[in-house]
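One line per chain: the protein sequences are A and B, in this order.
The working numbering puts the first residue of the first sequence at -12, with every later residue one more than the last.
The working numbering puts the first residue of the second sequence at -12, with every later residue one more than the last.
A virtual CB, placed ideally from N, CA and C, is assigned to each residue, including glycine.
There are 2 protein chains.
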Amino acid sequence: MSTPQLSVQPYKGTRDFYPEDMRLRNWFFGKIRQVLECASFDEYNGPMLESLDIYAAKSGVELASEQTYNFTDRGGRQLAIRPEMTPTVARMVAGRVNALSYPLRWFSIPNFYRYERPQRGRLREFWQVNADIFGCDSYEADFEIISVAIKLLRVFGADETMFKVHINNRRFFNDVIAAVTGKDAEGAKAVSKVVDRKGKVPREAYVKDMYTLGLDDEKIAKIDALYTMSIAEATALCPESRGSAELSELFAALAECGLDKYCVFDFGIIRGLDYYTGTVFEVFDEAPENNRAMFGGGRYDNLVGLFVHNTAISGVGFGFGDVTLENFLNIHGLVPASLLSYKVKLLITRFNDVSFTEYEKLSDELVLSGIPAMCYLGTKKFGKQIDYAVASGCTHIVIMGGSELESGMVKVKDLATREETEVARAELVNYFNAL
Amino acid sequence: MSTPQLSVQPYKGTRDFYPEDMRLRNWFFGKIRQVLECASFDEYNGPMLESLDIYAAKSGVELASEQTYNFTDRGGRQLAIRPEMTPTVARMVAGRVNALSYPLRWFSIPNFYRYERPQRGRLREFWQVNADIFGCDSYEADFEIISVAIKLLRVFGADETMFKVHINNRRFFNDVIAAVTGKDAEGAKAVSKVVDRKGKVPREAYVKDMYTLGLDDEKIAKIDALYTMSIAEATALCPESRGSAELSELFAALAECGLDKYCVFDFGIIRGLDYYTGTVFEVFDEAPENNRAMFGGGRYDNLVGLFVHNTAISGVGFGFGDVTLENFLNIHGLVPASLLSYKVKLLITRFNDVSFTEYEKLSDELVLSGIPAMCYLGTKKFGKQIDYAVASGCTHIVIMGGSELESGMVKVKDLATREETEVARAELVNYFNAL
């Protein structure tokens, strides 16, 4: 070819999934799918391309345009490659709003694109488990979603030393800021914005901003104290708040069900000021070398209302990305070594005195009986065929030359132990099923 | 919200997968994955976005730009949403060309976007099973790929009355056109282009084009005759052609393995003049109301060479889309009615005299033991809870009021038969496992 040589690299921030990568991903998403189905969540999915305006309606035009891959199609439609699932699922719920049964329990494992600088744990293309409960306003749905999030990690053998769910409540957050500062809703909101940036700016800048809003050292100290308070101490500061009641009920239920060991109250969890409305949480990896938020979620109200006016259907859910999950499993040694090796996989080696079709007939018998098998395609020498079997992850080879074909007794060689066994051809399926 | 109401429709030519759609798709792709893994194909995947130039290198800039969704990212990279898998898989093979073992057997089930007018069987977003064998030049790999394509349909219960594999060979096609017309390679190529359009233009236009190329009625009749000839008759016209040998060997092997009942020789199968180089095939639905090509494939040479110069690794494979597969399964009644109903799924109904956490503990026991279950979230009356159970596809409800909690004996109601059974709470898992 006279064309210039093309790059073998995948596009920046995306990954190729070679068979060993794919087996890992199929394994962990398979386990997650099993848990979610068992917890009575139904799987859905939507298209990769969506109208840009559904992201703009949720996050504002600027943010939606900046963080998404977006373009205009030849029909003049402004499209985005989906950067998250919530607008899609809200659209789908809205599309069947009266036909669906609530509380609706849905999950999906879609891939997303975000236009950002690739860095540890963040790529431009990633997959994410999304689970949501729609149409239940009570703390019970918050409990259920957190309980399911915990199950997703427990199913891999993770315990309370490996992860913790940090929980806060946005209603409580707003009310306690108002109570501590003595400000009205608007004034409290201005303080909230400063508090939201607390961990991200130097202490002096934070204090200066608080002074600007008229807060003195005593009030600043009171807000500082919230970060180390127990639920009882914190909710006592605004006992009438619905957020306080939700937090107390949620933690009481977690304790009664033995899930409190996985959970802590954390006033520092805020998660986007304009979106979440009640319970918010983030799941942290407890590994010292990776102590960071892995994923999070919370309660949001009325996204469905963007599509069907005067329809308020609340939601609570989370999104858990494949990159952070894979990091977590690797750091804690939760990927079984056996995952990448086959239990049984056969290469039927070939000899010149037997026709190709005899080998194909044998491999067909095995494959149609559910035994992973293939016959060697080509004419290379026996030694090369063995090399191929090993490189392809085969556990055994089946040897059938002219004399074995005639006698009906073939040889099976275990590639790990190098032991050779004679097996009647008619018994091969039973032989491998019994291994 | 004051924003205008957004549309609930998915983007033109794409689909939403509600839970019942998702179960169907997970079911058929699950079966296909099982067959391919058992036939020793390894699953891979690549990113949704690729550099536009890999499609341009294969199909030309114009075709690549016309049929793909493509755009330029902020770094000036020209990207396309993948419209097919072959350039991606060629790139991935090239990336590890010396580390991989050949013949390489790979499959993938990616989604694609094509910019075309949506119509029956063709959407803008679709999924496609792709299976390929790389690095085997012999007809044996062609046989193997066709045998696997047949297995993919047989696994759903399809038989030879429902589908047929139409097979031709591009080398044979070129050689027999040269032999019949007496033209050299270049002249034969010009004739081939006209023959390729034979079924798509009126007979008069076809004949006129043939006259223009200097062919007389006798030669035109000879080419017409090829469409009804047997393999033996057709290959006798160019016995020295490697294509003739490949066709004969392939059909002999198919007959010896009992697969000839699924296959026919069809001179009308050409599949893109510039891409395929040997065996080509298309699988037709035999249903009178849907008699059309469902999917196809064939042998192509040296795509990997676009990425690694002076490396010739041949490939043979096929791509089978979800839309045509779903049509086929529906038309032939091959989707089991039971697919959309659960074997066991429980709703634990709630009563005011028992706390939420007692219900959560019970549902946790069941879910962690692998029994699909949930407790009702909310405070609605018993009748509404039953309605919810039915609408959610539950098979049973579990009744545990205060007295049942105390006695340790709960009631199980089968929602189909309306029979009620008393079961010890500690025996619930065994009870449902035994159903």
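| Check | Outcome |
| --- | --- |
| Chain A within 9 angstroms of Gly389(B), Cβ atoms only | no |
| Segments assigned beta strand (DSSP E), at least 3 residues, entirely inside the segment 313 to 368 of chain A | 333 to 336, 360 to 362 |
| Cβ shell of Phe58(A) (< 7 angstroms), same chain only, five flanking positions each side left out | Leu66 |
| Beta-carbon gap between Gly308(A) and Gln54(A) smaller than 9 angstroms | no |
| Chain B contact for Met(-12)(A) (CB, 9 angstroms cutoff) | For Met(-12)(A), the predicted structure reports a pLDDT of 42, less than 50, and the residue's modelled location is therefore unreliable. The matter cannot be settled from this model. |
| Every unbroken alpha helix (DSSP H) inside the segment 214 to 283 of chain A [4 residues or more] | 218 to 222, 229 to 243 |
| Complete runs of the beta strand (DSSP E) confined to the segment 17 to 99 of chain A [at least 3 residues] | 36 to 38, 57 to 59, 65 to 68, 91 to 95 |
| Minimum Cβ-Cβ distance from Glu233(B) to chain A less than 9 angstroms | no |
| Distance, Met79(A) Cα to Asp478(B) Cα | Chain B is shown only over -12 to 422; residue 478(B) falls outside these bounds and no answer can be derived. |
| Lys185(A) and Val251(A) closer than 9 angstroms at C-beta | no |
| Cβ neighbours of Thr436(B) in the same chain (closer than 8 angstroms, five flanking residues each side left out) | Here chain B comprises residues numbered -12 to 422, so residue 436(B) is not present and cannot be evaluated. |
| Counted within 10 angstroms of its Cβ, other Cβ atoms place Met(-12)(B) as buried (16 or more) or exposed | Reliability of the predicted coordinates at Met(-12)(B) is poor, the pLDDT of 42 falling under 50, and the value obtained from them is presented with this limitation in mind. Answer is exposed; the Cβ neighbour count stays below 16. |
| Rounded distance between the beta-carbons of Asn156(B) and Leu234(B), thought under 8 angstroms | 5 angstroms |
| Option nearest Pro357(A) by Cα separation, candidates Ser(-6)(B), Arg20(B), Met9(B), Phe15(B) | Before going on, a small fix: residue 357(A) reads as Gly here, not Pro. The shortest Cα separation from Gly357(A) among Ser(-6)(B), Arg20(B), Met9(B), Phe15(B) belongs to Arg20(B). |
| DSSP three-state assignment for Ala411(B), whether helix, strand or coil | strand |
| Straight-line Cα distance separating Asp29(B) from Leu241(B) | 24 angstroms |
| Euclidean distance between Cα positions of Arg92(A) and Ile120(A) | 5 angstroms |
| Residue range of the unbroken alpha helix (DSSP H) whose run includes Glu127(B) | 126 to 141 |
| Cα-Cα separation between Arg69(B) and Glu37(B), rounded to whole angstroms | 6 angstroms |
| When Gly62(B), Ala51(B), Val84(B), Arg64(B) are compared against Glu71(B), the one with the closest alpha-carbon | Ala51(B) |
| Residues bridged to Arg158(B) [DSSP beta-bridge criterion] | None, per the DSSP bridge assignment. |
| Under 9 angstroms between C-beta atoms of Val303(A) and Asp129(A) | yes |
| Beta carbon of Val473(B) nearer than 9 angstroms to that of Val84(B) | With chain B represented from -12 up to 422, any question about residue 473(B) goes unanswered, as that position is not in the structure. |
| Own chain partners of Leu327(B) with C-beta closer than 7 angstroms, once the 5 adjacent residues on each side are dropped | Glu7, Arg10 |
| Buried versus exposed, by CB contacts within 10 Å (16 or more), Gln372(B) | buried |
| Where the beta strand (DSSP E) through Gly308(A) begins and ends | 302 to 308 |
| Cβ of Leu36(B) within 9 angstroms of any chain A Cβ | yes |
| Spatial distance of Ser346(B) from Asp124(A) (CA atoms) | Note on identity: in this sequence residue 346(B) is Tyr, with Ser being the wrong assignment. Those two C-alpha atoms are separated by around 18 angstroms. |
| Separation of Ala376(A) from Lys332(A), as counted between CA atoms | 9 angstroms |
| Contact belief for Leu202(A) with Ala118(A) at Cβ below 8 angstroms, rounded distance in angstroms | The Cβ separation is near 39 angstroms, so there is no contact. |
| Cα-Cα separation, Asn317(B) to Pro(-3)(B) | 23 angstroms |
| Inter-residue Cα distance where the pair is Thr486(B) and Pro323(A) | Here chain B has residues from -12 to 422 only, and residue 486(B) is not among them. |
| Residue-level contact to chain B via CB, Asp253(A), 9 angstroms cutoff | no |
| Short Cβ contact (9 angstroms threshold) for Lys(-1)(B) with Arg111(B) | yes |
| Minimum C-alpha distance to Ala232(A) - residue among Gly306(A), Thr215(A), Gly265(A), Lys248(A) | Gly265(A) |
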